[in-house]
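J.: Dropping a structure here in structure tokens format, bear with me for questions.
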Amino acid sequence: MMLARALFCCIFLFLSLSSSDALSSGVGGPVGLYSLKTSDIGETLRKLSADETGSFLIADYILYFRTLLSCRENDLHACLSGTDEFIGKFPHSILTRDVRLWKIESLYRGYKEGIRGVAHAGYPSDDDLKMNFLSSVEKYLKSRPFNSRVMYMYGDFLRGTGRAGEARRVMRKVFLQGGDYYETLKGDFSTDSLTIKGALILGENLTRRMKYKEAEQLLTGLLDRKNPLYVRSIYDSIGDLLYSQKDYRRAARYFLKGRDFYRGAVSFFRSDDFSRFDKVVAAVSLKKTEESCRLLILKGLRERRKGDFEGALRIFRGVYRNGYPCREFALWNIAWAEYLSGNFLSASYNFRDLYGGYGDARYLYWYARSLEDLGGDAERFFNRLAGDSFYGVLRDIRSGGGAVKEAAFHIPAADLTKGDSVAGDGLAPGVSGKVSEERERFFRKVDFLVNSGLRGFALRELLSYEPRGTGEDERICEYQSRIGAYGESIKCASGLGGKGRYDGLLYPLAYRDIVEDVSRRYDIDPYLVYSIMREESRFNEDALSGAGAIGLMQLIPYTAKTMAGRSGAGINIGSYMDIKIPSNNITLGSYYLKSLLDEFDSLPAAIAAYNAGEDIVRKWIKAYRYRGMDEFIEDIPYSETRNYVKRVLRSYYKYRLLGSAKPKQPF
């Protein structure tokens with residue numbers, strides 16, 4: 327009985343979304359029995375059934391909500407009859423996965439509570455109910471073998487019917503996921519009862535779920551087994567765990583114990599332990615591998631950042647000339663060190679050779695900059711940079727935007743924030759093509775769902791749709807954007823081609839009312855806020871990073887709480903859910919961004935600080951006197967931050983271009 331309570335407790339915790347979220351979002355995992363309030367289910371069913379003109383389009387939804395209501399009201403007979411009817415009538419509906427899950431949950435409840443006399447539902451005896459449960463579960467797990475809820479119910483059923491060995495094997499798989507049932511099953515599976523391979527899987531899953539303390543305790547305990555076949559894997563797993571927490575010094579030691587010299591050296595470098603870093607590099611540099619090559623270049627970069635350009639160039643040239651495999655990377659660092667030291671002529675030759683050999687726009691841009699510094703004709707090389715690339719944008723920002731031509735775009739970005747109906751012929755502007763009657767019915771169904779407040783279900787329909795006719799790809803992208811599925815619409819529009827034509831879809835003004843209000847309050851460019859959200863989360867308010875950053879603007883809890891205290895916005899941060907609320911997240915993220923702009927008086931530096939932290943950016947700026955912010959951007963030591971700054975600046979410029987305005991933040 328305690329197991330049953332534990333199961334239903336876990337199901338409830340896993341599924342307890344607010345009803346409005348479940349109805350409007352409805353994306354991702356299946357909608358379970360406890361995802362919606364009973365009152366909301368009934369109200370939705372009444373709305374759908376009342377509209378006779380659209381009911382034929384959504385017969386599956388009417389039966390879906392009717393069945394869900396029966397299941398929630400504990401009418402087992404009606405629930406099971408409804409699930410069987412739905413599966414029989416609509417085997418290919420996107421809703422069928424949900425209904426199969428309800429059937430399993432309801433059969434399980436009937437089994438656990440000992441409900442008898444279910445003849446009206448088609449199960450004349452308990453044995454029939456059990457057989458149907460097993461059949462339903464096994465069929466479900468064939469297509470979704472890692473669904474922890476179904477696996478848990480299956481394991482508990484097997485245990486209750488005397489199949490203890492099978493039950494334990496199933497429950498072990500659930501336990502190793504380290505997820506919702508981990509705490510429930512901890513008493514059944516000690517670390518010693520797991521194989522080393524199984525424990526490594528559990529450790530990886532606990533790390534992914536940010537249960538760092540338990541993961542470290544588990545993994546370090548495995549070392550006591552002293553199994554030579556797995557000891558390196560254990561050391562690597564502990565190193566990964568510590569590195570993900572930025573505990574670089576300890577991570578380095580474990581990587582070296584596992585003989586992962588490259589990651590050990592990088593960890594020492596990240597922890598500023600350069601004496602140990604140098605020792606590792608000296609030990610591995612005799613072997614001319616990709617990893618030793620990159621470590622030598624990292625050593626050269628440290629020399630350059632200390633101001634020893636000649637020492638750095640000796641290292642870079644040695645790598646380039648002595649047969650190491652990363653010659654392009656070495657030549658880039660030679661050219662870049664020469665450029666920063668003022669040797670523009672030699673740098674220009676090397677940038678020219680890099681562009682001729684590899685064709686990267688970065689090399690062309692810095693070749694043109696070298697010529698510019700030499701007083702040569704750089705304009706014709708700048709003009710060869712594609713306007714949509716970061717370096718094309720960088721060229722235009724430096725020239726005041728004169729090289730940018732007005733882009734034609736598919737839908738005005740402002741229109742995409744309106745919650746209007748998508749009714750009408752549904753065809754994208756300028757797109758012709760005959761859509762089959764079946765496909766037209768599909769789009770009418772999506773319209774009906776949107777207008778009924780079921781935007782999440784509409785998105786699920788759109789994601790399942792396979793375009794067939796001319797213009798249907800564009801149409802899908804537009805629908806996704808209009809219902810607020812911006813991440814999906816950006817991904818969709820990215821595959822359409824048509825240079826500039828779909829910029830309105832690629833750069834939406836999501837959460838416009840909130841952004842404009844916050845931007846006025848803190849005097850920050852709203853297009854910059856959109857750009858940060860676009861690159862941080864693709865406008866996904868549920869986004870959660872591996873580092874624990876939350877929501878649209880990916881705020882770390884400590885930062886969110888600090889900004890809440892400083893902003894004067896009256897926001898109280900008591901939990902993860904408070905940070906996730908769009909208005910809170912945008913307000914606190916924008917306030918933080920504005921404070922960075924005020925401190926650095928530079929857009930690229932502020933964006934870098936938003937990603938990597940203020941302290942490290944202060945250190946970077948102090949280390950070298952850059953002549954321009956393009957030099958600063960290119961020289962950001964962390965590749966993830968450097969690429970992030972480039973993406974945000976490109977998005978910001980595109981937003982300003984779509985809004986017919988030049989960037990107003992200081993570059």
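Read left to right, the sequence shown gives residues 327 to 993 (our numbering).
Cβ coordinates follow ideal geometry from the N, Cα and C atoms, glycine included.
Answer yes or no: do Tyr1022 and Leu984 have a C-beta to C-beta separation smaller than 8 Å?
T.: No answer is possible for residue 1022: it lies beyond the span of the chain, which begins at 327 and ends at 993.
J.: From the DSSP output, which residues share a beta bridge with Leu870?
T.: Counting from one through the sequence shown, the residue named residue 870 turns up at place 544. Answer is Ile876, bridged to Leu870.
J.: Could you tell me the alpha carbon to alpha carbon distance between Asp941 and Ala541, rounded to whole angstroms?
T.: Residue mapping note: residue 941 aligns to position 615 of the sequence shown, counting from 1. Residue mapping note: residue 541 aligns to position 215 of the sequence shown, counting from 1. Each residue's alpha carbon lies about 30 Å from the other.
J.: Applying the criterion that 16 or more other CB atoms from any shown protein chain within 10 Å of the CB defines a buried residue, is Phe774 buried or exposed?
T.: Within the sequence shown, numbered from 1, the residue matching residue 774 stands at position 448. Result: buried.
J.: For Glu764, count neighbouring C-beta atoms within 10 Å of its own C-beta (all shown protein chains included) and say buried if the count is 16 or more, exposed if not.
T.: Residue mapping note: residue 764 aligns to position 438 of the sequence shown, counting from 1. It is exposed - the Cβ of Glu764 has fewer than 16 other Cβ atoms within 10 Å.
J.: For Leu753, name the three-state secondary structure that DSSP assigns.
T.: Translated into the one-based positions of the sequence shown, residue 753 becomes position 427. With a pLDDT of 34 at Leu753, under the threshold of 50, the modelled position of that residue is not reliable, and no figure is offered here.
J.: Alpha helix (DSSP H) containing Lys468: first to last residue?
T.: Taking the first residue of the sequence shown as position 1, residue 468 is located at position 142. From DSSP, the alpha helix (DSSP H) with Lys468 extends over 452 to 469.
J.: Using the C-alpha atoms, what's the distance from Leu870 back to Ile840?
T.: As a position in the sequence shown, residue 840 is number 514, starting the count at 1. As a position in the sequence shown, residue 870 is number 544, starting the count at 1. If I take the Cα positions, the gap works out to 21 Å.
J.: Given 8 Å as the limit, is there contact between the region 854 to 870 and the region 883 to 892, that is, 3 or more CB pairs closer than that?
T.: Taking 8 Å as the limit for Cβ pairs, the verdict is that the region 883 to 892 does not touch the region 854 to 870.
J.: Where Arg973 and Ile816 are concerned, what is the direct C-alpha to C-alpha distance, given to the nearest angstrom?
T.: Counting from 1 along the sequence shown, the entry for residue 973 is found at position 647. Counting from 1 along the sequence shown, the entry for residue 816 is found at position 490. Their Cα atoms are separated by approximately 14 Å.
J.: Can you give, in chain order, each stretch of the beta strand (DSSP E) that sits fully within the region 492 to 580 and has at least 3 residues?
T.: Listed in chain order, nothing qualifies, since the region 492 to 580 has no complete beta strand (DSSP E) run of 3 or more residues.
J.: Determine whether the beta carbon atoms of Tyr837 and Pro908 lie at a separation below 8 Å.
T.: Counting from 1 along the sequence shown, the entry for residue 837 is found at position 511. Counting from 1 along the sequence shown, the entry for residue 908 is found at position 582. Yes. Within cutoff.
J.: Verify whether the separation of the beta carbon atoms of Leu711 and Ser674 is less than 8 Å.
T.: Translated into the one-based positions of the sequence shown, residue 711 becomes position 385. Translated into the one-based positions of the sequence shown, residue 674 becomes position 348. Going by C-beta atoms, Leu711 is not nearer than 8 Å to Ser674.
J.: Could you give the distance in angstroms between the alpha-carbon of Val353 and the alpha-carbon of Leu421?
T.: Taking the first residue of the sequence shown as position 1, residue 353 is located at position 27. Taking the first residue of the sequence shown as position 1, residue 421 is located at position 95. Low confidence applies here, because Val353 scores a pLDDT of 45, under 50, leaving its location unreliable; read the following figure in that light. The straight-line gap from Cα to Cα measures roughly 11 Å.
J.: Arg968 lies in the alpha helix (DSSP H); which residues open and close that run?
T.: Numbered from 1 along the sequence shown, position 642 holds the residue referred to as residue 968. Counting along the chain, the alpha helix (DSSP H) containing Arg968 begins and ends at 965 to 984.
J.: Note down the Cα distance separating Asp829 from Leu555, rounded to an integer number of angstroms.
T.: One-based indexing of the sequence shown puts residue 829 at position 503. One-based indexing of the sequence shown puts residue 555 at position 229. Rounded to whole angstroms, Asp829 to Leu555 spans 54 Å at the Cα level.
J.: For Tyr917, count neighbouring Cβ atoms within 10 angstroms of its own Cβ and tell me buried if that reaches 16, exposed if not.
T.: Within the sequence shown, the letter at position 591 stands for residue 917. Buried, by the Cβ-count rule.
J.: Measuring CA to CA, which of Glu664, Arg576, Phe783, Gly726 is closest to Phe594?
T.: Mapped onto the sequence shown, residue 594 falls at position 268. Of the listed residues, the one whose Cα sits closest to Phe594 is Arg576.
J.: Taking the continuous alpha helix (DSSP H) assigned at Gly915, which residues delimit it?
T.: Reading the sequence shown from its first residue, position 589 is the one you call residue 915. Run containing Gly915: 908 to 926, per the alpha helix (DSSP H) assignment.
J.: Less than 8 Å separating the beta-carbons of Tyr466 and Val500?
T.: Position 140 of the sequence shown, counting from 1, holds the residue named residue 466. Position 174 of the sequence shown, counting from 1, holds the residue named residue 500. Going by C-beta atoms, Tyr466 is not nearer than 8 Å to Val500.
J.: Since Lys976 contacts Val607 with CB under 8 Å, what's their CB separation in whole angstroms?
T.: As a first step, residue 976 must be located in the sequence shown, where it is residue number 650. As a first step, residue 607 must be located in the sequence shown, where it is residue number 281. Residue identity check: residue 976 is Arg in the sequence provided, not Lys. So it is not a contact: roughly 35 Å between Cβ atoms.
J.: Is it a yes or a no for the region 619 to 630 touching the region 579 to 599, going by three-plus beta-carbon pairs under 8 Å?
T.: The answer is yes - the region 579 to 599 touches the region 619 to 630, with three or more Cβ pairs under 8 Å.
J.: Specify the secondary structure class of Leu383 as computed by DSSP and reduced to three states.
T.: Mapped onto the sequence shown, residue 383 falls at position 57. Of the three classes helix, strand and coil, the one that applies to Leu383 here is coil, per DSSP.
J.: In or out: Leu395 buried (at least 16 other Cβ within 10 Å) or exposed?
T.: Here residue 395 is taken as the residue at index 69 of the sequence shown, counted from 1. The residue in question, Leu395, is buried, as its Cβ has 16 or more Cβ neighbours within 10 Å.
J.: With DSSP run on the structure shown, which of helix, strand or coil describes Leu362?
T.: The residue you call residue 362 lines up with position 36 of the sequence shown. It is coil, neither helix nor strand.
J.: Closer than 6 Å by C-beta to Ser611: which residues in its own chain qualify, once you throw out the five before and the five after it? Chain order, please.
T.: Stepping through the sequence shown from its first residue, residue 611 is reached at position 285. Answer for Ser611: Ser618, Leu622, listed in chain order.
J.: Is it true that the CB of Phe391 sits closer than 8 Å to the CB of Thr370?
T.: Taking the sequence shown and counting its residues from 1, one reaches residue 370 at position 44. Taking the sequence shown and counting its residues from 1, one reaches residue 391 at position 65. Yes, they are a contact pair.
J.: Which term fits Tyr684, buried or exposed, when burial requires 16 or more other beta carbons within 10 angstroms of its beta carbon?
T.: As a first step, residue 684 is located in the sequence shown; it is residue number 358 there, counting from the start. Looking at its Cβ environment, which holds fewer than 16 other Cβ atoms inside 10 Å, Tyr684 is exposed.
J.: Rounded to the nearest angstrom, how far is the Cβ of Gly649 from that of Lys625, given a contact under 8 Å?
T.: Within the sequence shown, the letter at position 323 stands for residue 649. Within the sequence shown, the letter at position 299 stands for residue 625. No, Gly649 and Lys625 are not in contact; Cβ-Cβ is about 18 Å, not under 8 Å.
J.: Anyone know if the C-beta pair for Asn531 and Leu502 falls short of 8 Å?
T.: Position 205 of the sequence shown, counted from the first residue, corresponds to residue 531. Position 176 of the sequence shown, counted from the first residue, corresponds to residue 502. Against a cut-off of 8 Å, the Cβ pair of Leu502 and Asn531 comes out as a contact.
J.: Using CA atoms only, rank isn't needed, just tell me which of Phe655, Leu511, Met859 is closest to Asn937.
T.: Residue 937 sits at position 611 when you count from the first residue of the sequence shown. When each option's Cα is compared against that of Asn937, the closest is Met859.
J.: Do Gly877 and Ile897 count as a contact pair if the criterion is CB distance below 8 Å?
T.: On the sequence shown, residue 897 is found 571 positions in, with the first residue counted as 1. On the sequence shown, residue 877 is found 551 positions in, with the first residue counted as 1. No, Cβ-Cβ distance for Ile897 and Gly877 is not below 8 Å.
J.: Look at the Cβ atom of Gly529, then the Cβ atom of Leu544, and state whether they are nearer than 8 Å.
T.: Counted from its first residue, the sequence shown places residue 529 at position 203. Counted from its first residue, the sequence shown places residue 544 at position 218. It is a contact, given that the beta carbons lie within the stated cut-off.
J.: Less than 8 Å between the C-beta atoms of Lys583 and Tyr561, yes or no?
T.: As a working mapping, residue 583 is identified with position 257 in the sequence shown. As a working mapping, residue 561 is identified with position 235 in the sequence shown. Contact flag set, yes.
J.: Check each candidate in Gly939, Gln880, Tyr434 and name the one with the smallest Cα separation from Thr487.
T.: Within the sequence shown, numbered from 1, the residue matching residue 487 stands at position 161. Comparing Cα positions, the closest option is Tyr434.
J.: Where does Leu666 fall in DSSP's three states?
T.: For the purposes of this step, residue 666 is taken as residue 340 along the sequence shown, with counting starting at 1. Correct three-state label for Leu666: helix.
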